[in-house]
């Protein structure tokens, strides 16, 4: 109600292919609400499937980066790309995964001033370069990450997350995808 | 404790001139804590006095703009300038003054996607132009604001707030001024 | 031989999961060679599968845009992002699909000077905005496309192709993905 | 007469509060004319008072920077911000304070090519970074200034002058503040 | 003496080919000094000849633009390109040709705030676009100039002057070409 | 026929001054066609003469740079300036002079990923800096080239070619100069 969640059509659940609907129902049961990115992409089932398969391959599997670090990459690059959906939604996930109520806002506005380690700072320097100036990535960038102990597989992960959200940010901005109200407060209150 | 609030010296309260200390004590009594901008500027009493006199002239007096609207200008331009202190601290004040838990994050990331009126959108278009490309401000910008009912005095207010925080953002980024932890949650919970 | 096709590991075919290998063999049989993007992504099978599923959903299915028009979007945005692999490989595909030996170089360097229709010019204006300034996309951009007869579904297609290759360009630049020599001449000679 | 000195109202002297009028009369007696910045800000007495209090705290007091060096910062950053009033008016003051007829035009157009010391070059590198990319200021910038013998207090002065004129440039561009004709020739002729 | 006029070799007059030396002697007799651009280019006689032949074809012949207008284009675009030699030297020529002591500084810093006609403003808008974003020049830019009465031949002149000084600015910045001291004051004093 | 080769008048050969016509006839006899840059500039004979005299002085004479290297500079900087004529026409010449069918497309899109030597990479780094940020050229840039064995005369050549094509790119984009169809395939096929 009120502000639409997307400029594009949002199908009703019962209009969706079974696998798409099942995924949406599953996330609702786990999270208590359906993040709007699922509803915004649902009008294109093939793209929906590929998007979330890609997302899960990058964000959910084992990696040399922690899940919180991957969310830092999302939040920092999405801030640079002025993507409201991604900053708000992944900011919430970052707070939860890092168990830190402050980190998401710090990273979204200016990661150079955030309470992060030197290693994480190097990670975000590279992620931002991939996001904003990938054409200039070269040997010196890889060397800087190696100095902080990142392997080439880690470098791929950093760059691939930045690249995936370069796409995601553009989809969200193009469609005026609206972050759910639930995300804004999530992870900000101490667990009782 | 831990992360410093500024790269520069932070004097103890009893080292400060009386009027500076009195101002700091007054804000602490009102807010329950001392926003770090007061402590960061205190090592330069003359600049402290001028900064807050200017701030209050723009942000506290009567104006054709509501106080919440003036805070929107601060948050939107500070987001564009990647100023962590100003986005977090004035984001809190914006939530309180607008009685809206979502507006600050929306405006900070991308005001074009925020839940604001067409009039406020025009106000922020101008504020961002003053903040980022003031050299190009011209007749068409004034005409666009007049169409939305802004007077020339209102235009001055919009531009002057954007200009003042162009300074403030740079001071905060230069000094790595740290937003107080208290700001992050302020205004996010419904009043019971 | 000589210059590597990627900074990252390129597995041998017999090290790959069956479905990944099958896809690579199929493209080789159809095209006569294996485009290096298949080999560059193969070390990450899950990402490989999602990438090509997404690619095919956008580039191969029916759409209000012709396949040549979708390739124009790829070439124009990849030129702006200085992505050598995508400009060269998709330039070749564009020449083939448009049956036009000149169009790819024209669009890659400056689409505003290319031999395209006013409708295609509007399509590329939007694609470039999504690619470079998605945060500013708004009502006026949709209206401009509607004036040229594009439906909202067409607008999604334009923006989604631009967004997907925003990702792809960054992966290619990050990995120094090398375009196959075969692409450079493809589609340049008249069919005898 | 002819071209207005501001887009905004310019009050007559006898309409002004006593302290504002006194300040204006004093500057007129000292300089022989009233710089237009005094007249442009006079319609907002509280802002006028804070602006000049801040200006004087930064530009007139003792500092590790000479007054001429502080004017260099104003001229270089105002050139980058395309602020006609500040370049012309402070260019005049710089010529007078540095007793150098050439320096202001050199610094305004490209300080990297000006007849200044390596120390002053480092000072202006930092000032320009604060003016144009303050979000990126970090440890390396402080270290570079320390190498040239600047103390942290000097660094504050450099950054604070750059920040204050980031505000001033925007006020002048927003209001189309016109430099007085007197400034253009001031300091260009040898003292007889 | 002191600061060199170029990073590159400056030949003695008697080392130069006759025609190059004759040109230099002629300009010295006319102006009372040798503008450093002649000395800086003299080590490459063929480039010297082509440069001044081109310059004279654009700047000295009859045209729909006055000579002062052509100098305005030089000063405005050279300001945008931060070319100290061209702003200072051609600023002097502009003052002389326009018989206006203020116009050059105004145009160099921000032509949008200069005392020029609407027609001249349109002329400079186009010149700056050619200088900074020529890739975007299109039908609308030509239409805007036609509305102000410029013919296509005038448009060529505006663009060709902007293009020639795009080259000249880069040569001067690459070689650290130093403007002669004489230029700074030229045209600033009323004729007695 | 069809798309015009220029927005501006293209004179018939028999309307041209003898020397201009002779030059055009000579190039046609040598190349088998008349590159459109000759026809586009012909309506301004004095500018035509100066342009080609300058071009030949830089591109045809002996130099520490090979002719292929000079064409690399043209292609790389013209790609950055989105100049279709120069990328296509000089891309063809580069392929011929370097006897390399791939190099032009590589350099045009992203020279950092091209099959060039470290020395050529340094050459293009400098050329791009002159083309895009000449105002920042300084000692460190010269030192970097000297390390690769370039003399100061070589540095001049690199910068002067970049500067000349900064002009040429702007003329071509302003006039919508169309590359001849012949250029697109030239140098792409192995010599039999």
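Protein chains in written order, with our numbering: chain U, 1 to 192; chain Y, 1001 to 1192; chain A, 2001 to 2192; chain E, 3001 to 3192; chain H, 4001 to 4192; chain S, 5001 to 5192.
The beta carbon of each residue, even a glycine, is placed where N, CA and C say it ideally should be.
Please read all numbers here as calculations on a predicted model, not as lab measurements.
Which of helix, strand or coil DSSP assigns to residue 2060 of chain A: coil
Nearest-angstrom beta carbon gap, residue 3097 of chain E and residue 3071 of chain E [assumed within contact, 8 Å]: 6 Å
Cutoff 8 Å: residue 4135 of chain H Cβ touching any chain S Cβ: yes
Span of the alpha helix (DSSP H) around residue 4109 of chain H: 4103 to 4110
Residues that residue 5176 of chain S contacts on chain A, provided the C-beta gap is smaller than 7 Å: 2113
Residue burial classification, residue 2069 of chain A (beta-carbon count within 10 angstroms, cutoff 16): buried
Chain-order list of residues whose beta-carbon lies under 6 Å from that of residue 4104 of chain H (same chain, five-residue window excluded): 4075, 4091, 4094, 4095
Whole-angstrom C-beta distance between residue 2037 of chain A and residue 2186 of chain A, which should lie under 8 Å: Not really, about 15 Å apart at Cβ, beyond 8 Å.
Nearest residue (CA-CA) to residue 143 of chain U, options U/160, U/123, U/131, U/161: U/123
Inter-residue spacing [alpha-carbon to alpha-carbon] between residue 1084 of chain Y and residue 1021 of chain Y: 25 Å
With 16 other Cβ atoms within 10 Å as the buried cut-off, status of residue 3066 of chain E: exposed
Beta-carbon spacing of residue 5102 of chain S, residue 2181 of chain A below 8 Å: yes
Integer-rounded CB distance, given that residue 148 of chain U should sit under 8 Å from residue 118 of chain U: 7 Å
The segment 4049 to 4079 of chain H: positions lying closer than 9 Å to chain S by Cβ: 4049, 4050, 4051, 4052, 4053, 4054, 4055, 4056, 4057, 4058, 4061
Proximity test, Cβ basis, 8 Å: residue 4010 of chain H and chain E: no
Burial state of residue 4179 of chain H, where buried means 16 or more other Cβ atoms lie within 10 Å: buried
The segment 4154 to 4164 of chain H contacting the segment 5169 to 5176 of chain S, beta-carbon criterion three pairs below 8 Å: yes
Cut-off 7 Å between Cβ atoms - residues of its own chain near residue 5009 of chain S, not counting five sequence neighbours on either side: 5043
Separation of residue 5031 of chain S from residue 1225 of chain Y, as counted between CA atoms: Here chain Y covers residues 1001 to 1192 and nothing more, so residue 1225 of chain Y does not appear.
Proximity below 8 Å, CB of residue 3109 of chain E to CB of residue 4138 of chain H: no
Under 7 Å by beta carbon: chain Y residues contacting residue 105 of chain U: 1088, 1184
Cβ-based neighbour list, residue 1163 of chain Y, same chain, cut-off 7 Å, excluding 5 preceding and 5 following: 1130
Residue 4088 of chain H beta carbon less than 8 Å from that of residue 4184 of chain H: yes
Three-state secondary structure assigned by DSSP to residue 4177 of chain H: coil
Within-8 Å CB hit, residue 4162 of chain H to chain S: yes
Beta-carbon separation (whole angstroms), residue 1047 of chain Y vs residue 3057 of chain E, contact threshold 8 Å: 5 Å
Range covered by the alpha helix (DSSP H) that runs through residue 2003 of chain A: Where residue 2003 of chain A is concerned, there is no enclosing alpha helix (DSSP H), given that its DSSP letter is neither H nor E.
For residue 5186 of chain S, the three-state DSSP class (helix, strand or coil): coil
Nearest-angstrom Cβ-Cβ length linking residue 4188 of chain H and residue 3188 of chain E, presumed shorter than 8 Å: 6 Å
Segments of 4+ residues assigned as alpha helix (DSSP H) that fall wholly inside the segment 2004 to 2031 of chain A: 2018 to 2031
Other residues of its chain near residue 14 of chain U: CB distance less than 8 Å, five sequence neighbours each side excluded: 21
Alpha-carbon to alpha-carbon, residue 2035 of chain A and residue 2028 of chain A: 8 Å
is_contact[residue 4170 of chain H, chain E] using C-beta, thresh 8 Å: no
Through-space distance from residue 161 of chain U to residue 5054 of chain S, alpha-carbon basis: 49 Å
Completely contained alpha helix (DSSP H) runs for the segment 95 to 171 of chain U, where each covers 4 or more residues: 103 to 110, 118 to 133, 139 to 147
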